[in-house]
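Residue numbers (our numbering), protein chains in the order written: chain A, 4 to 340; chain B, 2 to 151.
Cβ coordinates follow ideal geometry from the N, Cα and C atoms, glycine included.
Fair warning: this is a prediction, and the values are worked out from it, not measured in the lab.
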Amino acid sequence: MGVTQAGRQSWLFEPRPGLIGMAAVAGKSEAGGPLASGYDKVYEDFRIGQKSFEKAEQQMLQDACTLALQNAELTAADIDLFLAGDLLNQITVSNFTARNLGIPHLGLFAACSTSTQGLALAGLLVASGAARRVLAASGSHTCTAERQFRYPNEYGCQKPPHTTSTVMAAGAGVVAAEPAPIQLAAATVGRVVDKNITDPFNMGAAMAAAAADTILTHLHDTGRSPQEYDFIITGDLGQVGREIAWEVLQQQGFVYDKTRFVDCGCLIYGGDKRFFSGGSGCGCAASSFYGYFCRRLREGKMRRILLAATGALLSPTSQQQKESIPGISHAVTVERV
Amino acid sequence: MNGKPQTDAHYDQLVQRYTPPRPIAKNCALAFLSGGLLTAAAEALRRWLLARDMAEDAAGGVVVFAVIALTSLLTGLGVYDRLGQVCGAGLAVPISGFANSMTSAALEFKSEGLVLGTGCNAFRLAGAVIVFGIGSAGLLATLALMLNLV
Numbered sequence: 004m005g006v007t008q009a010g011r012q013s014w015l016f017e018p019r020p021g022l023i024g025m026a027a028v029a030g031k032s033e034a035g036g037p038l039a040s041g042y043d044k045v046y047e048d049f050r051i052g053q054k055s056f057e058k059a060e061q062q063m064l065q066d067a068c069t070l071a072l073q074n075a076e077l078t079a080a081d082i083d084l085f086l087a088g089d090l091l092n093q094i095t096v097s098n099f100t101a102r103n104l105g106i107p108h109l110g111l112f113a114a115c116s117t118s119t120q121g122l123a124l125a126g127l128l129v130a131s132g133a134a135r136r137v138l139a140a141s142g143s144h145t146c147t148a149e150r151q152f153r154y155p156n157e158y159g160c161q162k163p164p165h166t167t168s169t170v171m172a173a174g175a176g177v178v179a180a181e182p183a184p185i186q187l188a189a190a191t192v193g194r195v196v197d198k199n200i201t202d203p204f205n206m207g208a209a210m211a212a213a214a215a216d217t218i219l220t221h222l223h224d225t226g227r228s229p230q231e232y233d234f235i236i237t238g239d240l241g242q243v244g245r246e247i248a249w250e251v252l253q254q255q256g257f258v259y260d261k262t263r264f265v266d267c268g269c270l271i272y273g274g275d276k277r278f279f280s281g282g283s284g285c286g287c288a289a290s291s292f293y294g295y296f297c298r299r300l301r302e303g304k305m306r307r308i309l310l311a312a313t314g315a316l317l318s319p320t321s322q323q324q325k326e327s328i329p330g331i332s333h334a335v336t337v338e339r340v
Numbered sequence: 002m003n004g005k006p007q008t009d010a011h012y013d014q015l016v017q018r019y020t021p022p023r024p025i026a027k028n029c030a031l032a033f034l035s036g037g038l039l040t041a042a043a044e045a046l047r048r049w050l051l052a053r054d055m056a057e058d059a060a061g062g063v064v065v066f067a068v069i070a071l072t073s074l075l076t077g078l079g080v081y082d083r084l085g086q087v088c089g090a091g092l093a094v095p096i097s098g099f100a101n102s103m104t105s106a107a108l109e110f111k112s113e114g115l116v117l118g119t120g121c122n123a124f125r126l127a128g129a130v131i132v133f134g135i136g137s138a139g140l141l142a143t144l145a146l147m148l149n150l151v
């Protein structure tokens, strides 16, 4: 196993770590969207039989991890390291899941880009020989995020059309040294990019510049052209953020088919206006990738994709103190061999 | 690109171009209609009570109570937030908005217990209204008093 630094920000894996098992779980609203075929489990309500929304979110992440292990035909004892993150204060959802799984744990936070932060690190750790098998996971719940970052769930405020809606979903994958048809080829660690956006309803705009920056850096560092990718996928920019990112990329000489430049946030609800500009949250890119996109890769319908999950690095306090919203994006190239 | 926050006029233009404007005309019209309907219904109830020989101040109290009770019920049933999205200021400005802000917060923080959850957080949103309501009333009353004294 080996890893080579390419440029300042990227890692090339050779031989490549394999993605040997993965799972995605989601709520009923997400299952009504076009990515539904990728979900291993769908929940009928927000509480899923738990006393609080926080417990429900933890149950979701746990289910995603358990199902990913099942799909890899492994148990928790076979995994060396658990990399997970979520949106809640002190990432309790991930920590409590790690407590229950009993796997040595490193908690992550990169807001909604945690899914690719985890996947990139899992690739690095496996490729470098620091771990044989790593479980990477992240998730989010609309009701817990809403109350932590915005208002109580039943508060009747009027949201603007450009806001996004946190998804109720989670995804997990097992990255291992064993050969597998789905492999991690390269990863890029993103820079924090701040375009002085202060509107907390416009996180797509806050993250779009970071997404474009990471995508261009990844292509440059790996020496690949966009045309070599079946899809270039951003995390949760929503319709507003996707358009901005596309424009920024165009201005940097990025030539690609726009229909293949897709965003998990735009896809997850299929443009349903009840969810405004689209979905967001740690679970958005995680469930879309480990669910729908991995399924398409397994079926051989896609050969190479670039996943650039995106995160808005704000806190309720920074937002109220009128700080701008920094964005970040981490990217991973995943291939089907 | 520099990592530090910087105003990028070109990027701001892009953001403005692709961020859809708030539908202000539609929001105003719906707020006017819904707020008007709610207050007309409340007034109808008040007149109905007065016609049944209820005292003027008692009828006012019953009407306010009815709006608060209905709002809280709809909040608890998970309907009010959807109405709020459509009606906006039409429901936020009358006492229904105040009732919803308290009930939604009280419900939301129930999971942290009766005292530290519901008790401490019921006024989480409504608290500002109380502080500035009482504050401005005190200020204006003092001003009126002083002007009368002069």
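How many Å lie between residue i and residue j at the Cα?
| i | j | result |
| --- | --- | --- |
| C285 of chain A | S321 of chain A | 19 Å |
| S97 of chain A | V28 of chain A | 15 Å |
| M2 of chain B | A106 of chain B | The predicted position of M2 of chain B is uncertain, since its pLDDT is 48 and thus under 50; a value taken from the coordinates is nonetheless stated next. Each residue's alpha carbon lies about 41 Å from the other. |
| Y81 of chain B | T72 of chain B | 7 Å |
| T191 of chain A | V177 of chain A | 19 Å |
| P6 of chain B | G268 of chain A | 25 Å |
| T11 of chain B | E250 of chain A | For the record, residue 11 of chain B in the displayed sequence is His; it is not Thr. If I take the Cα positions, the gap works out to 11 Å. |
| G77 of chain B | E157 of chain A | 8 Å |
| R299 of chain A | A214 of chain A | 23 Å |
| E76 of chain A | V335 of chain A | 24 Å |
| Q253 of chain A | P229 of chain A | 12 Å |
| T166 of chain A | P21 of chain B | 10 Å |
| A70 of chain B | G159 of chain A | 16 Å |
| E60 of chain A | G35 of chain A | 19 Å |
| V196 of chain A | G330 of chain A | 5 Å |
| Q14 of chain B | Q324 of chain A | 24 Å |
| I236 of chain A | S280 of chain A | 16 Å |
| C115 of chain A | G273 of chain A | 19 Å |
| F264 of chain A | L222 of chain A | 14 Å |
| V243 of chain A | Y19 of chain B | 6 Å |
| T100 of chain A | G174 of chain A | 13 Å |
| L64 of chain A | L38 of chain B | 45 Å |
Using CA atoms only, rank isn't needed, just tell me which of the options is closest to residue i.
| i | options | result |
| --- | --- | --- |
| I247 of chain A | A:D216, A:K276 and A:R277 | A:D216 |
| L91 of chain A | A:A79, A:L309, A:P37 and A:G110 | A:G110 |
| F278 of chain A | A:F204, A:L15, A:G314 and A:T313 | A:F204 |
| L240 of chain A | A:R227, A:A209, A:A79 and A:F257 | A:A209 |
| L84 of chain B | A:K162, A:V258 and A:S280 | A:K162 |
| G30 of chain A | A:E231, A:I23, A:E17 and A:V45 | A:V45 |
| Q17 of chain B | A:I331, A:F112 and A:G207 | A:G207 |
| P319 of chain A | A:H223, A:T201 and A:A139 | A:T201 |
| G36 of chain B | B:C88, B:F99, B:F110 and B:V132 | B:C88 |
| L15 of chain A | A:Y259, A:G126, A:D233 and A:T100 | A:G126 |
| L219 of chain A | A:V137, A:V258 and A:H144 | A:V258 |
| D81 of chain A | A:I94, A:Q65 and A:P107 | A:P107 |
| T7 of chain A | A:G132, A:R102 and A:I23 | A:G132 |
| P20 of chain A | A:R11, A:G5, A:S13 and A:G10 | A:G5 |
| A100 of chain B | B:K27, B:F66, B:L146 and B:A56 | B:F66 |
| G193 of chain A | A:G314, A:N74 and A:V337 | A:G314 |
| R153 of chain A | B:S137, B:S102 and B:G134 | B:S102 |
| D83 of chain A | A:P164, A:V129 and A:I23 | A:V129 |
Is residue i buried or exposed, if buried means 16 or more other CB atoms sit within 10 Å of its CB?
| i | result |
| --- | --- |
| W49 of chain B | exposed |
| D48 of chain A | exposed |
| E33 of chain A | buried |
| S141 of chain A | buried |
| D54 of chain B | exposed |
| M25 of chain A | buried |
| N122 of chain B | buried |
| A134 of chain A | buried |
| V68 of chain B | buried |
| G91 of chain B | buried |
| S97 of chain B | buried |
| L115 of chain B | exposed |
| I131 of chain B | exposed |
| K198 of chain A | buried |
| S13 of chain A | buried |
| R102 of chain A | exposed |
(request) Kindly confirm or deny that the region 35 to 46 of chain B and the region 180 to 189 of chain A touch, where touching means at least three C-beta pairs closer than 8 Å. (result) no
(message) Quick test of the definition: if touching needs 3 or more C-beta pairs under 8 Å, does the region 186 to 206 of chain A touch the region 110 to 123 of chain A?
(response) yes
(message) Three Cβ pairs or more, each shorter than 8 Å: is that satisfied between the region 281 to 299 of chain A and the region 308 to 324 of chain A?
(response) yes
(message) I'd like to know if the region 58 to 68 of chain B and the region 113 to 128 of chain B are in contact, where contact means that at least 3 CB-CB pairs between them fall below 8 Å.
(response) no
(request) Spell out a yes or no on whether the region 80 to 94 of chain A and the region 34 to 44 of chain A are touching, meaning 3 or more CB-CB pairs, one atom from each, closer than 8 Å. (result) no
(message) Please give me, in chain order, every unbroken run of the beta strand (DSSP E) with length at least 3 that falls completely inside the region 18 to 83 of chain A.
(response) 21 to 30 and 44 to 46
(message) Restricting to runs no shorter than 3 residues, where is the beta strand (DSSP E) found entirely within the region 210 to 261 of chain A?
(response) 234 to 237
(request) Counting only runs of 4+ residues fully inside the region 116 to 152 of chain A, write out the alpha helix (DSSP H) ranges in chain order. (result) 117 to 130 and 145 to 152
(message) Report the start-end ranges of each beta strand (DSSP E) in the region 5 to 78 of chain B that is 3 residues or longer and not cut off at the edges.
(response) none
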